[in-house]
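Trainee:
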Amino acid sequence: MPHAAPARPLADGDSLHALARRLFPIHRSLTGDGVRETLRILAEFVPLTLHEVPSGTRAFDWVVPDEWNLREAWITGPDGAKVLDARDHTLHVVGYSVPVDAELDLADLQPHLHTLPGQPDAIPYVTSYYRREWGFCLTQRQRDALRPGRYRVRIDATLAPGHLTYGELRIPGQSPDRELFFSTYVCHPSMANNELSGPVIAAALARWLSDRPNRLAMRFVWLPETIGSLVYLSRHLEELRRRVAAGFVLTCLGDEGTPSFLPSRRGDTLADRAARCVLSHLAPGFREHDFLERGSDERQYCSPGADLPICSVMRTKYHTFPQYHTSLDDLEFVTAKGLDTSLQILKRCVEVLDANAIPQARIVGEPQLERHGLYRRPGEPGGFPPRLLLDLMAFADGRRDLIGLSDRLGVPPWELAGPARTLADAGLLHLADADSPNPPRP
Numbered sequence: 419m420p421h422a423a424p425a426r427p428l429a430d431g432d433s434l435h436a437l438a439r440r441l442f443p444i445h446r447s448l449t450g451d452g453v454r455e456t457l458r459i460l461a462e463f464v465p466l467t468l469h470e471v472p473s474g475t476r477a478f479d480w481v482v483p484d485e486w487n488l489r490e491a492w493i494t495g496p497d498g499a500k501v502l503d504a505r506d507h508t509l510h511v512v513g514y515s516v517p518v519d520a521e522l523d524l525a526d527l528q529p530h531l532h533t534l535p536g537q538p539d540a541i542p543y544v545t546s547y548y549r550r551e552w553g554f555c556l557t558q559r560q561r562d563a564l565r566p567g568r569y570r571v572r573i574d575a576t577l578a579p580g581h582l583t584y585g586e587l588r589i590p591g592q593s594p595d596r597e598l599f600f601s602t603y604v605c606h607p608s609m610a611n612n613e614l615s616g617p618v619i620a621a622a623l624a625r626w627l628s629d630r631p632n633r634l635a636m637r638f639v640w641l642p643e644t645i646g647s648l649v650y651l652s653r654h655l656e657e658l659r660r661r662v663a664a665g666f667v668l669t670c671l672g673d674e675g676t677p678s679f680l681p682s683r684r685g686d687t688l689a690d691r692a693a694r695c696v697l698s699h700l701a702p703g704f705r706e707h708d709f710l711e712r713g714s715d716e717r718q719y720c721s722p723g724a725d726l727p728i729c730s731v732m733r734t735k736y737h738t739f740p741q742y743h744t745s746l747d748d749l750e751f752v753t754a755k756g757l758d759t760s761l762q763i764l765k766r767c768v769e770v771l772d773a774n775a776i777p778q779a780r781i782v783g784e785p786q787l788e789r790h791g792l793y794r795r796p797g798e799p800g801g802f803p804p805r806l807l808l809d810l811m812a813f814a815d816g817r818r819d820l821i822g823l824s825d826r827l828g829v830p831p832w833e834l835a836g837p838a839r840t841l842a843d844a845g846l847l848h849l850a851d852a853d854s855p856n857p858p859r860p
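Here the numbering used here is used: position 311 in the sequence shown is 729, and no number is missing along the way.
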């Protein structure tokens with residue numbers, strides 16, 4: 419089901435934050451109408467194609483679960499007053515809770531309640547995707563205020579065969595057989611950093627890439643975490659192996675913490691090298707995590723048998739900030755500044771990968787730049803510094819791509835693409851393809 423996107427702005431942190439605010443109240447889960455509503459809103463900004471995968475569909479060792487839709491969930495106390503209501507916060511009900519309508523004593527209710535004693539003002543995020551249970555989540559302060567007596571609990575939900583929904587967008591490039599891949603997830607309710615920062619930045623990246631000429635093709639997916647990526651791999655694995663030059667899982671991009679990086683399982687793919695190179699220039703104090711600290715869809719894309727060149731560029735990594743998987747991961751924790759800075763980092767990663775090439779000198783010795791109209795005297799406008807051109811030529815032995823040369827020369831890779839193209843246009847360099855899964859290393 420393709421959705422044509424009208425021309426709507428989505429280019430800076432303020433517009434990204436506004437979109438996150440709009441998506442925040444929607445009750446999302448692995449499946450259901452909340453996911454569809456989220457994707458339909460995103461389709462106002464980028465022309466998504468929505469795909470529906472039936473419950474029971476096998477994806478490697480997993481099976482698409484029944485579809486879950488929640489109508490209401492609440493608890494009333496002994497006095498008949500509401501103790502909590504999922505309308506007040508989507509995290510109040512355990513995700514995928516089976517329907518229940520019952521009265522029970524507080525002692526019998528307690529095993530179905532989930533809190534965080536160490537964070538008494540936070541509602542935890544709890545799910546039961548593959549086990550038929552029910553429950554509620556609340557703050558520890560709310561739990562401590564409960565008094566003995568009879569409580570009425572109601573979860574009005576459907577859990578029955580239906581569909582898993584995901585969105586996809588492909589943007590053609592000049593080299594149609596090689597592409598960049600971006601994956602983000604749309605299955606967490608009301609969490610701004612762990613959930614919404616990825617989808618809104620993916621939409622902004624897609625809008626930006628749709629408006630510029632690209633050498634590489636681009637592919638974006640918005641899907642439920644884990645089962646969604648496994649479903650997508652089960653449908654497209656051979657194509658992805660053949661086409662993907664590099665890719666990124668987009669998550670935890672909205673806070674203002676120090677940028678961080680989780681490499682692929684191999685750790686030395688083109689995506690890893692580009693991310694490290696860009697971060698070393700834009701965020702020199704960035705933190706690199708180990709693949710043993712994985713926790714998002716890189717688990718699937720980088721698994722043996724898939725082994726795709728996909729990594730994650732983030733701000734504060736999931737599992738490492740106290741707001742993670744709680745109601746404290748809100749729209750104050752995620753800021754317009756955090757979103758905008760992350761978007762600029764990812765744009766640079768794309769620019770570097772799209773312009774990457776392997777320079778090979780076509781002459782012996784240094785070129786006489788003046789003869790080729792490339793010599794710029796100090797203070798003269800235009801052109802590139804002669805020293806930069808000569809340094810590029812000096813290392814253009816066909817063994818390093820522009821990312822490797824950036825590391826060697828100490829120059830941001832986006833400042834090498836123009837000089838390399840100028841030297842190639844002058845017949846001094848040949849720029850070879852650098853998009854293979856195993857390009858030259860420094």
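Cβ atoms here follow ideal geometry from the backbone N, Cα and C, with glycine treated the same way. Note that the structure is a prediction, hence the values are computed from the model and not measured.
#1: Since I believe residue 668 is in contact with residue 599 (beta carbons under 8 Å), could you give me their beta-carbon distance rounded to a whole number of angstroms?
#2: If you measure between the beta carbons of residue 534 and residue 540, is that distance less than 9 Å?
#3: Using beta-carbon positions only, say whether residue 763 and residue 696 come within less than 9 Å of one another.
#4: With 16 other CB atoms within 10 Å as the buried threshold, where does residue 431 fall?
#5: Quick check on the burial criterion: 16 or more other C-beta atoms within 10 angstroms. Buried or exposed for residue 677?
#6: Are the beta-carbon atoms belonging to residue 748 and residue 610 less than 9 Å from one another?
#7: Do residue 688 and residue 732 have their C-beta atoms closer together than 9 Å?
#8: What is the residue span of the alpha helix (DSSP H) that residue 811 lies within?
#9: Kindly confirm or deny that the stretch 602–616 and the stretch 626–642 touch, where touching means at least three C-beta pairs closer than 8 Å.
#10: Report the start-end ranges of each alpha helix (DSSP H) in the stretch 503–529 that is 4 residues or longer and not cut off at the edges.
#11: Are residue 575 and residue 488 close, meaning C-beta to C-beta below 9 Å?
#12: So what does residue 774 bridge to, in DSSP terms?
#13: With a cut-off of 8 Å, do at least 3 Cβ pairs link the stretch 806–822 to the stretch 837–854?
#14: Residue 438 to residue 625, Cα distance in whole Å?
#15: Got a sec? Which residues, its chain only, sit under 7 Å from residue 824 by beta carbon, not counting five neighbours each side?
#16: Can you tell me which residues form a DSSP beta bridge with residue 545?
#17: According to the neighbour-count rule (16 or more other Cβ atoms, all chains shown, within 10 Å of its Cβ), is residue 513 buried or exposed?
#18: Does the beta carbon of residue 836 fall short of 8 Å from some heavy atom of the ligand COA?
#19: Considering Cα atoms alone, identify which of 510, 646, 684 and 636 is closest to residue 661.
#20: Which of the three DSSP states is assigned to residue 583 in this structure?
#21: Rounded C-beta distance between residue 619 and residue 434? I'm assuming under 8 Å.
#22: Of the residues 483, 443 and 787, which one's Cα is nearest the Cα of residue 504?
#23: Under the rule that 16 or more other beta-carbon atoms within 10 Å means buried, what is residue 710, buried or exposed?
#24: May I have the straight-line CA-CA distance separating residue 470 from residue 712, to the nearest angstrom?
#25: If you run the structure through DSSP and keep just helix, strand and coil, what is residue 427?
#26: Exposed or buried, which one is residue 553 when buried takes at least 16 other CB atoms within 10 Å?
#27: Suppose the cutoff is 6 Å on Cβ atoms and the five residues either side in sequence are ignored; what does the same chain contact list for residue 502 look like?
#28: Rank 532, 790 and 810 by C-alpha distance to the C-alpha of residue 778 and give the top, closest one.
#29: Under 9 Å, do residue 448 and residue 651 count as touching if we go by C-beta distance?
#30: Sorted by chain position, which residues of the same chain lie with C-beta nearer than 6 Å to residue 859's C-beta, five sequence neighbours on each side aside?
#31: How would you label residue 429, buried or exposed, when you count the other beta carbons within 10 angstroms and need 16 or more for buried?
#32: Looking at residue 692: is its Cβ nearer than 9 Å to the Cβ of residue 770?
#33: For the alpha helix (DSSP H) holding residue 460, just list the boundary residues, first then last.
#34: Using DSSP with H/G/I as helix, E/B as strand and the rest coil, what is residue 859?
#35: In or out: residue 584 buried (at least 16 other Cβ within 10 Å) or exposed?
Mentor: Quick look at the numbers:
#1: Actually they do not touch by this definition, with Cβ atoms about 11 Å apart.
#2: yes
#3: yes
#4: buried
#5: buried
#6: The Cβ-Cβ distance between residue 748 and residue 610 falls below 9 Å.
#7: With respect to the 9 Å criterion, residue 688 and residue 732 are not classified as neighbours on the basis of their beta carbons.
#8: 804–812
#9: yes
#10: 524–527
#11: yes
#12: In DSSP, residue 774 forms no bridge with anything.
#13: yes
#14: 16 Å
#15: 695, 830, 831 and 834
#16: 513
#17: Classified as buried, residue 513 has 16 or more neighbouring CB atoms from the shown chains inside 10 Å of its CB.
#18: No copy of the ligand COA occurs in the structure displayed, which carries no ligand at all.
#19: For residue 661, the closest C-alpha among the options 510, 646, 684 and 636 is that of 636.
#20: Here residue 583 carries a strand assignment [DSSP, helix/strand/coil].
#21: 7 Å
#22: 443
#23: By the 16-neighbour rule on beta-carbons within 10 angstroms, residue 710 is exposed.
#24: 28 Å
#25: If DSSP states are grouped into helix, strand and coil, residue 427 belongs with coil.
#26: buried
#27: Only residues of its own chain outside the window of five on either side were considered, and among them 493, 510 and 556 have a CB closer than 6 Å to the CB of residue 502, listed in chain order.
#28: 810
#29: no
#30: Its pLDDT being 45, under 50, residue 859 is placed unreliably by the model, and the measurement read from it follows with that caveat. Excluding residues within five positions, none has a Cβ falling inside 6 Å.
#31: Looking at its Cβ environment, which holds fewer than 16 other Cβ atoms inside 10 Å, residue 429 is exposed.
#32: yes
#33: 451–460 is the span of the alpha helix (DSSP H), which, as asked, contains residue 460.
#34: Its pLDDT being 45, under 50, residue 859 is placed unreliably in this model, and the coordinates cannot settle the point.
#35: buried
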